[in-house]
Every structure is written in structure tokens, then in C-alpha cells.
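Written below as C-alpha cells is the structure these notes are about.
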Amino acid sequence: MKSKILLKLLFLCALMSAVNISVVAHAEENRQTISIIGIDEKTITIDTSNITDEKTSYYAVLDSRTSEEIENVITEETNVIKVELEGVYSFYVVSLDENKKEIASSDIITVYTEPAELDSIILSNDIYMAELTATNGDIDLNSFSLNILGDAVISSDVFVNGGTFNIEGKLLQPGGCLTIGNGELNVGGDYRIVNAQDGPSSGRLIMTKSEDRVNVGGDFKTDSIYSHSEFLTDGVFRLKGSFYQEGADNNSFAARSNFDTYDNFKIVFCGDDTQVVYFFDPKRSQLNIWEVENESERPMEIPNGFGIRTLKQDSVIPCDVEFWSHLYDDKVASSIDLNGYTLLIKGDVVNNRVNLRIGRGTLIIEGDYKLQIPQDIGEEQPLLRWTYGTLRMLYDEDYMLVMGDFLQDSYYSHTKSLVAGTLEVKGDFRQITTNYKHDTYFNFDANGTHKVILSGDGVQIVDFEDPETNQFNILEIPETDKPGHIIVFISEWRANELIINSDTAVLLNWYEKESEEE
């Protein structure tokens, strides 16, 4: 590479036409990608790595319409040049050796040197802009790239359509549909589907193709007024920041469903610090497939419930969680089904309105499991009360491990819900009734082949508030090498079968149901 020089190629007038013709032909047949790495007022900085080799001594920037050379081109450093342009320009770049012979030619790119609006357009080459202040009419990337070096605002329909939409700053979407369409959206900062006042937006994000990709380096917030149940069905959404699903239009079920995902849509939480995952309405906005790649000490915080459906792969929730299920729409199953997979929860679980089906899968809870929810009573401490949630163990393969306490206060009878599988509890076991309805008195009435294993390391309390209507089917007390393992039954209780493999358990208050003869 020659030393840095001012690129003012002085072609003879007689040869100019021939040179231009060869450059244009080369550009069309063997275009190489170059990229804009900076737009500072009228100065454009270009990365020319792909058209550079050891023979390169010069670069020429040529107008794509006329193939005439644009002056004021400077080689800033190896593989980087600068050119002064003003307004909107389409051009391409050629590299030349010391004899001014062409080595390679770039593709055509269009550059907006100032913040601008973008009118209806179908891209025919890559476009770079300092900032995108608004979109007017349909924008179709048509397999090319639209690159914003600052912030962008979308107010009409944008079809990525096999292309790449790169935004180094923030993306605001007060309106319009952003359809990924087998393309890729990359946002370096926050992506917010909100209006200019950070309120409800008429914007929509549409991901329905298997190759759809969205990558957000900051936070994501949606306050769309539209349901997304039909719009988020495939593709991968990767998020490094926090997640906020809002529903400012509280009376609209559509707004409350503005991040309701289905089928093969996957969201990946891949931040470097704690990511807040906030659902305004976890009954109507739910996740279908999710992964946690965040390896920080506290990967996630879920402050307002977590709505999920049928598992499609082994999954992890790395924090305390409150489960919600959709109970208002026939299209949505009112349950979480592990579907043969393993769900690991590294914290406490509150089951609020969820029909939790173990579904031949494995549920491991490192904290407490509570089929009971807090009841706010004003300034005083909240009380715990019953919930509409259920626990359904219907298959021999069902396995649920609770490493903390297990608490059952369901509104519904479980006579037909706890019929098979194994529930292992290492903490206390409590059956409670706080809603005095007939079915509630049977909320842990196990039968069939269902088994409970009490395998704690210390003292385990067992308490049935309604022992006359609730029971263990098979109760197993396994062998243990922990001398402090003691099981204390503080209420009457009963089991259809008792398996004791330990001499350290203390068994009290066996409930004997009176015979019909008596």
C-alpha cells in the first residue's frame, strides 16, 4: 500500500469514456460490499476493505448515474477513505493500482448526509442515513440494507423483505407495520413501539417467517394498541436490555395482547446484567418459546407475572416467578403444559390462574411452590388466599420436585387432577382451604398411582386443614443419611399406601375415617 495521498485521478479526456464503461460493467457483474462507518456533517467515512489488496494505491469515488469521478476524496488510513458530499448521493468506489488500473469495484450505495424523511421507495441498492426522522409511505428494502447511523423513527409501513435494517441508535415506532419478512432488524439502542409522548402506539411488529431476526441492544417496550396474536408466530427476537409490555389502553383486550406470541416465535434474553421482564397483562401477552443466555449473577427479574404456554424445549426461569394463564379466549389453552420437557425455576413459584400440566415432563423448583396468592388489604401486610390455579399430574412420567415448601390452596377439586406421577417435596407440605366452596375441600385429593415423596434434610411439617376430604395416595419417606430429617404431622392425615424407608421420621395423627357401620 502506498502512503496516504490525495486521490485526484487525472485521466486523459480521450480515455475517460473507456475507463468509465469498464468500471460500470465491473460494478454490475462483480460488486463488492463496502460500508459507511461515519457521517459527520458533509464528510462521509467509507470502509473499503472488501475492494482493497496489497496492490491498491488509489481509490476513486464515482457518481452512479454518470460514472464521473467525485473530487475531494482522501485516503484517511489503510482501507478507509473520506469524501465530502452534501445532500443525497448515489455512488460506487473503485480501487486502483499505482498504474491507475482497476483492481475491484464496489456495489452502489446511496447516502443521506443530513437527518431526513424517507418517502415511498423500493430499494435498488444499500442506503445509509445520518438519522431517519420519519417514513412517509411504504418502504421496501427488497433484499438490500437500510443503515441508520443515528436514531430512527418509523411512522408508516416498512418491509424488511429479505434485507437488513441496521439502526445504530434508538428506534421509535409511533405507527406503521414493521414486517421483518425473512430479513433482519438490528437496533443498537432501545426499540420502543410507543408514540412521541411514550404512550399508546398504532405501530406493529410482524414476525411470521422462520428466518425473521430482530436483535435489540437496549431495552424493548411495546404499548401498541393492536393485538399481536397473529403477528408474532415465528423467527427469533434477541434482547440485551429489559422487556416492558404495557397496555395503557386498559379497556382494550387488543392492547393487552400486544406481545402475545405463538407457534415458533422465540425470544432470547442475552444481556450482561439483570434484565427486567415486565408484563402489564400476563394473562393476555404470553411467551411461547424463550431462552436465557444471560449469565450474570441475577439474570432476570419478573415483577408482575409471567405468561407461558406449551413448552417446546427444555427451559429455565432464573428467578422468582408468578404464573398466569389466559382464561378468556377459546383460542388459548388455559394451561401451561410441560409437554415432555424440563422446566427449571431457580426461585419461588406462585401459581395464579394456571392449570399447570406436568404433561410427562419434569418441573424442578429450587424455591417454594404456592397455589396461593397475596391479597392486598391496604396499608396492612397482604394476606395469602386461594387461587384459581390447578396442578395436574395425569401420567406416570410426570415428575415435580419442590426444593422448598409446597402449599396448596386451590379453588378447584383435584380428585381428577392428581392421579399419577411423582411429587417430591423437600420443605413443608400444607393443604389449606381459604375459599369455603364444596370443591375447595378436595384440593389435594390424590388417588390412582400418584405418589408424594418427603425427602427433606431437616424438619418437614405436614399439615392438612381438611384431612377428611384430602389425602396422599402413596406417601413415601425415603432412606436418608441426614440424622436431622424429621417429619412432623401437625394435623390428622391419611394415605392409601405408606412406604417408609427411614427410621428417623416421626409419624403422628393418622386420620381414621369412621366406617359406615358406625
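With positions in the sequence shown counted from 1, the corresponding number in the numbering used here is that position plus 964.
Ideal Cβ positions, reconstructed from N, Cα and C, are used throughout, including at glycine.
Could you pull out every residue in the same chain whose Cβ sits closer than 6 Å to the Cβ of Asn1146, ignoring the five residues on either side in sequence?
Gly1126, Lys1173, Glu1175
Out of Val1314, Phe1408, Lys1046, Glu1257, state which residue places its alpha-carbon closest to the alpha-carbon of Asp1011.
Lys1046
I believe Phe1233 touches Val1256 by the beta-carbon criterion, under 8 Å. Please report the beta-carbon distance rounded to the nearest angstrom.
5 Å
Return yes when the Cβ of Ile1309 is within less than 7 Å of the Cβ of Ile1329, no when it is not.
The Cβ atoms of Ile1329 and Ile1309 sit closer than 7 Å to each other.
Any beta strand (DSSP E) of 3 or more consecutive residues that is wholly inside the segment 1158-1201:
Listed in chain order, they are 1168-1170, 1177-1180, 1184-1186.
Buried or exposed by the 16-neighbour rule on C-beta atoms within 10 Å, applied to Asp1485
Since the first residue of the chain shown is 965 and the last is 1482, residue 1485 is not available in this structure.
Between the segment 1256-1273 and the segment 1216-1223, do at least 3 Cβ pairs fall closer than 8 Å?
Taking a cut-off of 8 Å on C-beta distances, the segment 1256-1273 does not touch the segment 1216-1223, as fewer than three cross pairs fall below it.
Does the Cβ of Asp1227 have 16 or more other Cβ atoms within 10 Å, making it buried, or fewer, making it exposed?
exposed
Taking 7 Å as the cut-off, decide whether the C-beta atoms of Leu1355 and Leu1307 are in contact.
no
For Leu1462, does the count of other Cβ atoms within 10 angstroms reach 16, so buried, or fall short, so exposed?
exposed
Pull up the CB-CB distance for Met1364 and His1414, whole angstroms please, since I reckon it's below 8 Å.
At roughly 11 Å, the Cβ-Cβ gap does not stay under 8 Å, so Met1364 and His1414 are not in contact.
Taking the alpha-carbon positions, what's the Ile1034 to Glu1040 distance?
16 Å
Please classify Asp1224 as buried or exposed, where buried requires at least 16 other C-beta atoms within 10 Å of its C-beta.
buried
Measuring alpha carbon to alpha carbon, tell me which of Thr1351, Asp1301, Gly1323 ends up nearest Arg1317.
Thr1351
Local Cβ density within 10 Å of Asp1187, reported as buried at 16 or more and exposed below that
buried
Gly1420 to Pro1164, Cα distance in whole Å?
50 Å
What residue from Glu1081, Ala1459, Ala1098, Gly1304 has the CA that sits closest to Ala1160's CA?
Ala1098
Can you round the beta-carbon distance between Asn1434 and Asn1411 to whole angstroms, since I take them to be within the 8 Å contact cut?
Their Cβ separation, rounded to whole angstroms, is 11 Å, which puts Asn1434 and Asn1411 out of contact at 8 Å.
Mind checking who Glu1440 pairs with in its DSSP beta bridge?
Ile1417, Ile1463
Please classify Asp1104: is it buried, with 16 or more other beta-carbons within 10 angstroms of its beta-carbon, or exposed?
buried
Spatial neighbours of Phe1370 within its chain, please: CB distance less than 6 Å, with the 5 preceding and 5 following residues excluded, ordered by chain position.
Tyr1333, Val1389, Phe1393
Give the C-beta separation of Asn1100 and Ser1084 to the nearest angstrom, bearing in mind that I take them to be a contact with Cβ-Cβ under 8 Å.
7 Å
Candidates Ala1080, Leu1110, Leu1387, Ile1000: which alpha carbon is nearest Asp1360's?
Leu1387
Using DSSP with H/G/I as helix, E/B as strand and the rest coil, what is Thr1099?
strand
First and last residue of the beta strand (DSSP E) that includes Ala1080?
1080-1086
Between the Cα of Gly1311 and the Cα atoms of Asp1301, Phe1287, Gly1304, Ser1299, which residue gives the shortest distance?
Phe1287
Same chain, Cβ closer than 6 Å to Asn1130, neighbours up to 5 away in sequence not counted
Asn1111, Asn1150, listed in sequence order.
Cα separation between Ile1464 and Ala1384?
20 Å
Could you tell me the distance, in whole angstroms, from the CA atom of Thr1274 to the CA atom of Lys1019?
Roughly 59 Å between the two C-alpha positions.
If I follow the unbroken alpha helix (DSSP H) through Phe1217, where does it start and stop?
From DSSP, the alpha helix (DSSP H) with Phe1217 extends over 1217-1220.
Tell me the rounded alpha-carbon separation between Ile1091 and Ala1212.
35 Å
If you reduce the DSSP assignment to three classes, tell me which class Thr1404 lands in.
Helix.
Locate the beta strand (DSSP E) running through Arg1029, then write down its first and last residues.
Here Arg1029 belongs to no beta strand (DSSP E), and DSSP marks it neither H nor E.
Can you tell me which of Glu1210, Glu1194, Leu1196, Lys1185 puts its alpha carbon nearest to the alpha carbon of Leu1203?
Lys1185
Thinking Ser1374 and Leu1335 are a contact (beta carbons under 8 Å), I'd like their distance in whole angstroms, please.
The Cβ separation is near 5 Å, so the contact holds.
Cβ atoms of Arg995 and Gly1061: under 7 Å apart, would you say?
Here residue 1061 is Asp; the residue named in the question, Gly, does not match the sequence. In this structure, Arg995 does not lie closer than 7 Å to Asp1061 by Cβ.
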